[in-house]
Amino acid sequence: MVFQKGNTHKFKDGNVPYNKKRKAVKQNKSDSYTSKYIRLTKEKHNLVVNDPYANPQEKSKRACRAARLLRPMTEEVLLTKPIRKNAKKDKRPDYNSNRAICIYKMEEMWNAAFKEHQLSNPQCGGVLLCDLENEEKRGFGTRQQLICTKCDYKSKRYTLYEELETRKPGRKASKLDTAIHVGLSQTPIAYTGIQKIFLSGNILAPTTSSLQRRANTVMKQIEQINKQDMKRRRNDIIEINKLRGKENPHAISVQMDGMYNNPLYSGVGRTPFQPATQTVYTAAENETSKHNILALNIKNKLCSKHSSLDVDNDSGRLHEDCTDECSANIPMVKSIGDEYTWARECLLDLKEDAIEIEHLVTDADSSAYKAALDLHNEGINNVEPENFLDTRHLSDHVRKGAKSDKTLLKVMPATTKLKRQKLLNNFSVDLTERCNKELALAYKFYAGDFFKVKNKISHTVDAIANCYMGNHARCRKNSFACKGFQGSWLKGRPFLQNTFKISSNNENLDLLRKQINKRLGSKVLDKTRLNMNTNFVEGFNRSLRRSLPSNVTFKKNMSGRAHAAAHSVNYGPGGVYIRTL
């Protein structure tokens with residue numbers, strides 16, 4: 001090698017080449033990882049390129065081993081114009097799928113097609129099959145036409161579902177779709193859920209938008225039918241009171257309660273707003289054993305079109321650009337727990353059918369009675385209402401009060417605080433059951449005479465207190481549930497042992513009287529003298545939770561689902577509106 005002047009790059013004297021005396025060329029480390037060029041689909045290309053966890057140092061190490069990605073494949077499918085061919089069973093699309101069809105409609109299609117095919121081509125020996133490529137899907141139903149496997153025969157399209165007679169021009173809806181939406185209104189399943197059920201059975205299901213459009217129509221019809229049914233039931237209550245000879249047949253006894261899509265207390269300490277956005281306030285009658293639901297007040301803050309719920313100052317609407325189909329009927333700033341307003345609107349709704357409230361059964365913390373009283377004071381209702389407490393909620397209040405009483409905890413006959421707390425829990429349950437048992441036996445003994453019951457229970461309070469302190473002398477005379485030492489109340493009780501005994505002194509006696517008077521006091525007995533509760537509307541709230549579950553929010557069809565639950569409860573299992581839609 002010849003080096004020119006000024007070239008400093010040369011081998012040093014005595015340098016030994018690295019491949020001197022080398023017999024075979026060894027493969028370089030980088031030569032074993034030759035880059036590969038590959039073309040992936042668009043989805044897989046994005047998964048390979050977008051690595052959310054690899055750091056820059058790791059990516060630089062992978063560079064020599066990584067594949068060289070070409071432009072991703074296109075996902076467009078070129079569609080060719082279909083050509084009419086003879087039917088072949090093994091080449092038809094969806095030939096092994098299922099359909100929901102009406103039996104007699106299918107029989108009419110096959111019989112008509114057989115005759116028509118025989119008359120048009122008597123010599124043909126082909127088989128008639130469904131032309132699935134040209135099938136028309138109508139919700140859960142279908143319209144089919146038949147084609148021959150040999151000749152060019154093609155029948156007309158047959159509707160394989162029953163149609164509703166709407167007396168209006170245009171396409172008629174399917175009875176099957178209507179019946180399915182009626183059933184969905186009483187289940188927590190939404191539209192994607194019913195799609196998964198049908199597709200799992202290899203049955204063609206309609207699109208979500210199609211299900212939503214049909215549900216909007218069906219829910220409005222259910223709401224209208226239930227309102228008419230509740231109006232009829234109101235008139236029936238008035239007629240029943242007339243037949244009973246009641247002086248004012250328009251004055252009735254009702255129980256009222258509300259339900260929210262989320263508990264109001266679930267947002268305490270987490271958000272300044274109330275977590276609930278939907279509520280249903282219910283009024284049921286106490287005049288008959290059926291306890292019919294007579295009024296529903298449905299409030300919804302959620303709009304199916306817009307997210308803002310501000311009131312427009314010019315038009316007074318909840319949304320400036322919202323249509324009449326807006327599902328929200330109260331603004332977001334409105335308190336969803338305004339029970340006074342919801343109860344007042346329910347009572348005004350009943351007033352439209354000449355029904356006024358005589359006895360109102362509510363929870364102890366409810367403001368519904370104040371709404372009824374204000375309507376009377378304003379001259380809207382002529383009957384002055386009387387408020388009664390729910391006996392079940394009252395019993396729970398007594399039990400929780402005794403359970404959390406720190407003074408009562410100290411007098412429990414136990415050695416440690418943990419044992420005393422456990423014993424107090426059992427004692428609170430036993431005390432509540434004892435009070436309810438005494439009251440029930442007193443009503444039975446005096447044949448429902450409240451004045452005699454009230455007079456006797458005033459002496460029973462001391463008998464119960466002394467009974468828990470081991471003194472059964474008063475039990476023989478003033479108690480209905482305890483007969484003294486021979487038939488002690490604690491004998492065989494599951495919560496307290498027969499040897500349970502609180503120290504006998506005046507302080508403990510006053511303490512027990514205070515707890516017992518929460519259920520058997522004079523004023524409390526006046527508020528519960530009719531022994532009424534809100535069990536029916538509480539049970540309806542459970543049925544309402546079936547149609548409006550807390551984990552699924554129905555913005556558009558909330559009102560229809562609530563009326564569907566009320567109609568189902570009023571009629572029992574298998575609501576009758578399926579035949580009336």
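So in UniProt numbering, spot 459 of the sequence shown is number 459, and the numbers just go up one at a time. Ideal Cβ positions, reconstructed from N, Cα and C, are used throughout, including at glycine.
Buried or exposed for residue i, going by 16 or more other Cβ atoms inside 10 Å?
i, result
"residue 335", "exposed"
"residue 556", "buried"
"residue 203", "exposed"
"residue 299", "buried"
"residue 562", "buried"
"residue 285", "buried"
"residue 432", "buried"
"residue 487", "exposed"
"residue 544", "buried"
"residue 515", "buried"
"residue 95", "exposed"
"residue 64", "exposed"
"residue 363", "buried"
"residue 349", "buried"
"residue 451", "exposed"
"residue 381", "buried"
"residue 119", "exposed"
"residue 73", "exposed"
Can residue i and residue j be called in contact, C-beta distance under 8 Å?
i, j, result
"residue 347", "residue 375", "yes"
"residue 199", "residue 190", "no"
"residue 210", "residue 139", "yes"
"residue 511", "residue 460", "no"
"residue 176", "residue 158", "no"
"residue 429", "residue 495", "yes"
"residue 294", "residue 230", "yes"
"residue 128", "residue 148", "yes"
"residue 297", "residue 342", "yes"
"residue 441", "residue 481", "yes"
"residue 331", "residue 552", "no"
"residue 192", "residue 208", "yes"
"residue 225", "residue 560", "no"
Within the same chain, show all residues whose beta-carbon is closer than 6 Å to that of residue i, passing over the 5 residues directly before and after it, in chain order.
i, result
"residue 155", "113, 145 and 146"
"residue 420", "409, 412 and 414"
"residue 173", "164"
"residue 249", "238, 241 and 242"
"residue 218", "178 and 181"
"residue 491", "498"
"residue 35", "68"
CA-CA distance, residue i and residue j?
i, j, result
"residue 13", "residue 42", "59 Å"
"residue 566", "residue 97", "38 Å"
"residue 456", "residue 464", "13 Å"
"residue 102", "residue 398", "59 Å"
"residue 504", "residue 412", "12 Å"
"residue 416", "residue 258", "42 Å"
"residue 123", "residue 110", "19 Å"
"residue 46", "residue 538", "53 Å"
"residue 359", "residue 379", "18 Å"
"residue 273", "residue 264", "10 Å"
"residue 131", "residue 107", "17 Å"
"residue 540", "residue 546", "10 Å"
"residue 354", "residue 105", "49 Å"
"residue 292", "residue 570", "6 Å"
"residue 568", "residue 453", "39 Å"
"residue 517", "residue 437", "15 Å"
"residue 476", "residue 468", "14 Å"
"residue 564", "residue 228", "13 Å"
"residue 466", "residue 489", "12 Å"
"residue 121", "residue 134", "22 Å"
"residue 407", "residue 508", "9 Å"
"residue 434", "residue 255", "26 Å"
"residue 471", "residue 449", "29 Å"
"residue 513", "residue 194", "58 Å"
Cutting at 7 Å between CB atoms, please list the residues of its own chain near residue i, excluding the five before and the five after it.
i, result
"residue 262", "275, 276 and 550"
"residue 251", "356, 358 and 383"
"residue 339", "258, 366, 367 and 368"
Does the ligand GDP have even one heavy atom less than 7 Å from the beta-carbon of residue i?
i, result
"residue 568", "This structure lacks the ligand GDP, and indeed carries no ligand of any kind."
If I measure Cβ to Cβ from residue i and keep anything under 8 Å in the same chain, skipping five residues before and after, which residues do I get?
i, result
"residue 38", "67, 68, 69 and 70"
"residue 29", "Any reading at residue 29 must be qualified, since the residue scores a pLDDT of 48, below 50, and its modelled position is unreliable; the value itself is stated next. Within the same chain, residue 29 has no close Cβ partners at all."
"residue 474", "459, 462, 463, 466 and 467"
"residue 287", "237, 240, 241, 252 and 253"
Quick one: any contact between the segment 384-395 and the segment 356-374, if contact means 3 or more CB pairs under 8 Å? yes
The segment 532-549 / the segment 390-401 touching (three or more Cβ pairs under 8 Å): yes
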